[in-house]
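Line by line, the protein sequences are chains A and B.
Residue 580 in this note's numbering is what sits at position 8 of the first sequence, and the numbering runs on without skipping anything.
Residue 657 in this note's numbering is what sits at position 85 of the second sequence, and the numbering runs on without skipping anything.
Okay, structure first, notes after.
Number of protein chains: 2
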Amino acid sequence: MPDFSIGVDLGGTNLRIAAVSSQGELLEKVTLGTKVALGRDHVINEMCDAIQRLSGKYKETGKLLGAGIGVPGIIDMQTGMLRKSANLPGWEDYPVRAEIERRLRSSNKDVRVVLENDANVAALGEQWLGAARGVPNVAVVTLGTGIGGGIVLGGKIWHGMNGMAGEFGHVTVEPEGHPCGCGNRGCAEQYASASAIVRLAREEIASGEAPSLARAASSDAEFGAKSVYNLAIQGDEHARRIFRSFGRYLGILLASLINVLNLDMFVIGGGVSSAWDAYAPNMFEELRERSLVYAATAPADPLRSDSVGKAEGAAAQTESRSERKTIITLALLGSDAGLYGAARVAVLAP
Amino acid sequence: MPDFSIGVDLGGTNLRIAAVSSQGELLEKVTLGTKVALGRDHVINEMCDAIQRLSGKYKETGKLLGAGIGVPGIIDMQTGMLRKSANLPGWEDYPVRAEIERRLRSSNKDVRVVLENDANVAALGEQWLGAARGVPNVAVVTLGTGIGGGIVLGGKIWHGMNGMAGEFGHVTVEPEGHPCGCGNRGCAEQYASASAIVRLAREEIASGEAPSLARAASSDAEFGAKSVYNLAIQGDEHARRIFRSFGRYLGILLASLINVLNLDMFVIGGGVSSAWDAYAPNMFEELRERSLVYAATAPADPLRSDSVGKAEGAAAQTESRSERKTIITLALLGSDAGLYGAARVAVLAP
Chain A
573 MPDFSIGVDL GGTNLRIAAV SSQGELLEKV TLGTKVALGR DHVINEMCDA
623 IQRLSGKYKE TGKLLGAGIG VPGIIDMQTG MLRKSANLPG WEDYPVRAEI
673 ERRLRSSNKD VRVVLENDAN VAALGEQWLG AARGVPNVAV VTLGTGIGGG
723 IVLGGKIWHG MNGMAGEFGH VTVEPEGHPC GCGNRGCAEQ YASASAIVRL
773 AREEIASGEA PSLARAASSD AEFGAKSVYN LAIQGDEHAR RIFRSFGRYL
823 GILLASLINV LNLDMFVIGG GVSSAWDAYA PNMFEELRER SLVYAATAPA
873 DPLRSDSVGK AEGAAAQTES RSERKTIITL ALLGSDAGLY GAARVAVLAP
Chain B
573 MPDFSIGVDL GGTNLRIAAV SSQGELLEKV TLGTKVALGR DHVINEMCDA
623 IQRLSGKYKE TGKLLGAGIG VPGIIDMQTG MLRKSANLPG WEDYPVRAEI
673 ERRLRSSNKD VRVVLENDAN VAALGEQWLG AARGVPNVAV VTLGTGIGGG
723 IVLGGKIWHG MNGMAGEFGH VTVEPEGHPC GCGNRGCAEQ YASASAIVRL
773 AREEIASGEA PSLARAASSD AEFGAKSVYN LAIQGDEHAR RIFRSFGRYL
823 GILLASLINV LNLDMFVIGG GVSSAWDAYA PNMFEELRER SLVYAATAPA
873 DPLRSDSVGK AEGAAAQTES RSERKTIITL ALLGSDAGLY GAARVAVLAP
């Protein structure tokens with residue numbers, strides 16, 4: 573049996589723990605609810621119990637290489653503390669890494685624990701085992717309620733100066749645009765996220781000229797981005813317009829990322845990413861117009877890059893540099909990306 | 573005597589060649605006109621004659637480590653050819669590196685020759701010996717006729733997939749903005765470059781409401797960004813407004829770069845950068861509003877970062893990660909940055 577590590581996805585809703593072999597094989601996965609209301613000690617205890625059970629079970633057959641914890645929020649990499657987290661209120665100034673290490677020490681002497689931002693571990697997971705497997709330099713844009721981002725360079729997470737790199741959601745795409753919770757206006761996540769879709773739908777409904785959207789909103793208690801997508805694929809012009817705008821702004825964001833970073837691959841993940849057919853044509857239109865780098869390196873058939881991308885991405889590695897293509901493609905691992913990436917980060921950490 | 577390398581700055585106007593010791597000491601610098609009209613063979617011959625003279629002179633006292641050539645344009649790193657260059661027409665599809673190597677081979681067996689984009693060598697020069705000395709991760713934004721850019725990570729140029737990383741000038745800062753030669757609209761260099769200043773001044777003059785600018789333009793045959801700056805520091809409201817807009821859009825660009833890359837330092841260079849007092853207040857205002865990363869890492873007195881920056885930049889290296897500051901500062905080496913960087917790239921190349 574191979575050596576293995578533990579990956580933890582500590583979300584606001586679910587707490588998932590997995591044992592993953594160093595070759596990327598999932599050995600076992602445990603899903604628990606995150607009982608945030610019961611306090612951080614309770615959550616950490618549950619997590620550590622599961623880590624101990626998994627590591628006890630598999631360490632007879634391979635060595636435990638460490639545990640990586642993907643956390644929503646801004647992390648101080650040096651102290652292993654959360655600086656800020658919307659989903660884990662009250663966890664700031666709590667020595668998360670030290671507390672986990674302390675609890676694990678009883679059964680595993682000195683297991684290495686690494687705390688990492690959730691968008692970063694998702695990016696690393698897709699690079700290790702997902703859409704960007706074998707591609708050393710990649711950015712992953714996660715389209716959820718907001719926009720998360722992670723950059724992997726040379727197979728490792730690019731943290732920047734203090735772990736805050738990859739804040740793609742707060743790149744300005746419309747200087748006088750919609751206000752964002754971060755203090756800026758016109759952030760990408762105000763235009764190309766699930767909450768942006770709902771906001772734009774509500775604006776269309778308020779205009780009184782989008783009866784289908786209004787009907788859907790009043791009849792569906794769970795009205796959201798998915799509902800708007802369903803109308804869009806049925807041909808509703810108002811819903812389609814929302815996704816065209818979404819694609820346009822996502823394209824503006826990606827064009828800037830490509831112009832700055834010139835990476836081999838950009839992976840689009842998160843719940844809303846699956847609406848690809850509704851937003852991708854406009855996204856690629858913007859990319860061709862707005863990025864001279866993309867225009868010089870665009871594949872012949874980028875719209876099919878969700879399927880073609882994987883083959884081209886691998887092929888690009890062997891082609892001469894001047895022939896290499898910028899691949900834009902969908903993520904493959906869904907929410908498991910973060911679990912795999914967390915397991916990987918525990919092995920890569922210096 | 574120490575080992576040394578040769579740095580070449582092959583511009584559209586000047587051809588400069590320097591011998592630089594591996595410790596960064598300038599041994600000798602030669603400046604020639606670039607007689608582009610006489611053809612590429614003539615220019616390459618002149619360059620190689622100078623390289624041979626310098627390397628012959630200093631190789632008796634130290635080893636020649638290589639020659640780096642900074643070139644304006646897009647370079648195919650693998651083949652050592654220019655793919656595109658506005659300032660060196662007719663050089664595309666010409667094996668620049670191979671031709672230089674061939675000519676040098678007669679007197680120096682197998683001297684290593686590296687071709688590199690001029691904005692990239694300027695960035696490396698500032699990182700090696702200029703404003704970002706001792707700072708491993710830095711981006712240099714060069715404000716000239718357009719905007720050039722270079723990214724240095726871990727003390728090495730970040731090329732991206734095929735050498736096109738760092739195209740900061742073509743990041744979209746105004747989605748429906750002024751058309752750019754690259755095919756996009758609203759590129760940063762349409763708002764924060766010398767040519768942008770002149771365009772905005774001409775627009776102010778055309779409105780008939782900027783008499784000072786109109787007088788300056790009609791009386792000064794060399795009316796340009798510098799003339800507008802002179803009016804701005806004399807208090808002319810129209811000229812001041814142009815620089816406020818310049819600072820605003822430069823701030824939007826930098827905010828996005830900081831949010832994406834979270835680097836230790838951003839160095840502003842190029843001719844227009846020296847108008848710092850006219851544009852920096854608005855630039856910093858945008859940075860604070862538009863970058864949560866900058867807001868979390870801003871120095872107490874960023875406006876003085878052209879002087880304070882150097883000390884803080886060095887100090888930041890020893891502070892704890894969470895205390896590290898994002899430094900925005902002026903370049904120090906002027907046009908010599910490219911020469912030093914070219915000499916450095918010859919030593920760093922794998």
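For each residue, glycine too, the CB sits at the ideal point set by N, CA and C.
Exercise. In terms of residues, what are the limits of the alpha helix (DSSP H) holding residue 576/A?
Worked result: Run containing residue 576/A: none in the alpha helix (DSSP H); it sits in the beta strand (DSSP E), 576-582.
Exercise. Quick one: what's got a C-beta closer than 7 Å to residue 835/B's C-beta in the same chain, skipping five residues either side?
Worked result: Taken in chain order, the residues that qualify are 709, 710 and 711.
Exercise. What separation, rounded to the nearest whole angstrom, lies between the Cα atoms of residue 675/A and residue 620/A?
Worked result: 7 Å
Exercise. Are the C-beta atoms of residue 836/A and some chain B residue less than 8 Å apart?
Worked result: Yes, because at least one Cβ of chain B sits closer than 8 Å to the Cβ of residue 836/A.
For this session: Tell whether a beta-carbon distance below 8 Å holds between residue 929/B and residue 766/B.
Result: In this structure chain B extends from 573 to 922, so residue 929/B is not present and cannot be described.
For this session: Note the first and the last residue of the continuous alpha helix (DSSP H) segment covering residue 736/B.
Result: Unbroken run through residue 736/B: none, as it is neither H nor E.
Exercise. Thinking just about the alpha-carbon of each residue, which of 717/A, 774/A, 695/A and 898/A is nearest to the one in residue 659/A?
Worked result: 717/A
For this session: Hey, could you find the ends of the alpha helix (DSSP H) residue 818/B is sitting in?
Result: 809-833 is the span of the alpha helix (DSSP H), which, as asked, contains residue 818/B.
Exercise. With C-beta atoms as the reference, is residue 661/A less than 8 Å away from residue 583/A?
Worked result: no
Exercise. When you compare only the Cα positions, how much space is there between residue 907/B and residue 920/B?
Worked result: 21 Å
Problem set entry | residue 865/B, DSSP secondary structure in three states | Helix at residue 865/B.
Problem set entry | Closest Cα partner of residue 639/A within the set 650/A, 739/A, 687/A and 598/A | 687/A
Exercise. When we look at the beta-carbon of residue 747/B and count the other beta-carbons within 10 Å, is it buried (16 or more) or exposed?
Worked result: buried
For this session: Leaving aside the five residues before and after residue 847/A along the sequence, list all residues of the same chain whose C-beta is less than 7 Å from its C-beta, in chain order.
Result: 801 and 815, listed in sequence order.
Exercise. Per DSSP, which one or two residues make a beta bridge with residue 837/A?
Worked result: 710/A and 899/A
Problem set entry | Counterpart residues of residue 719/A in DSSP-defined beta bridges | 715/A
For this session: Give me the Cα-Cα distance between residue 852/A and residue 755/B, rounded to the nearest whole angstrom.
Result: Residue 755/B has its alpha-carbon roughly 20 Å from the corresponding atom of residue 852/A.
Exercise. Which bits of chain A does residue 744/B rub up against, with CB to CB less than 7 Å?
Worked result: 824, 827, 828 and 862
Exercise. What is the DSSP secondary structure of residue 770/A, counted as helix, strand or coil?
Worked result: It is helical.
Exercise. Given a threshold of 16 other Cβ atoms within 10 Å of its Cβ, counted over all protein chains shown, does residue 677/A qualify as buried or as exposed?
Worked result: Residue 677/A should be labelled exposed.
For this session: List the residues of chain A that residue 833/B touches, going by C-beta distances under 7 Å, in chain order.
Result: 732 and 737
Exercise. Closer than 8 Å, CB to CB, is residue 692/B near chain A or not?
Worked result: no
For this session: Please compile the residues from chain B whose C-beta is within a distance smaller than 8 Å of the C-beta of residue 856/A.
Result: Those within 8 Å of residue 856/A in chain B number zero; the least Cβ separation is about 14 Å.
Exercise. So which residues on chain A does residue 868/B lean against when the C-beta distance must stay under 9 Å?
Worked result: When 9 Å is used as the limit between beta carbons, residue 868/B is near these residues of chain A: 646, 655, 656, 734 and 736, in chain order.
For this session: For chain B, find out if any of its Cβ atoms is closer than 8 Å to the Cβ of residue 925/A; answer yes or no.
Result: There is no way to answer for residue 925/A, as the model of chain A reaches only from 573 to 922.
Exercise. Between the beta-carbon of residue 577/A and the beta-carbon of residue 637/A, is there less than 8 Å?
Worked result: yes
For this session: Thinking residue 615/A and residue 608/A are a contact (beta carbons under 8 Å), I'd like their distance in whole angstroms, please.
Result: 7 Å
Problem set entry | Short Cβ contact (8 Å threshold) for residue 799/B with residue 792/B | Their beta carbons are under 8 Å apart, which means residue 799/B touches residue 792/B by this criterion.
Problem set entry | Cα-Cα separation between residue 858/A and residue 819/A, rounded to whole angstroms | 8 Å
For this session: Identify the continuous alpha helix (DSSP H) that holds residue 690/A and give its terminal residues.
Result: 690-701
Problem set entry | Other residues of its chain near residue 823/B: CB distance less than 6 Å, five sequence neighbours each side excluded | 855, 858 and 859
Exercise. To the nearest angstrom, how far is it from the Cα of residue 861/A to the Cα of residue 759/B?
Worked result: When rounded, the distance between both Cα atoms is 11 Å.
Problem set entry | Secondary structure of residue 853/B, DSSP reduced to three states | helix
For this session: Kindly indicate if chain B contains any beta-carbon less than 8 Å away from that of residue 882/A.
Result: Low confidence applies here, because residue 882/A scores a pLDDT of 42, under 50, leaving its location unreliable; read the following figure in that light. Chain B, which has no Cβ nearer than 8 Å to the Cβ of residue 882/A, makes this no.
For this session: Can you pull the chain A residues whose beta carbon is under 9 Å from the beta carbon of residue 865/B, in chain order?
Result: 732, 733, 734, 736, 737, 739 and 742
Exercise. Looking at residue 896/A and residue 733/B, is the spacing between their C-beta atoms short of 8 Å?
Worked result: yes
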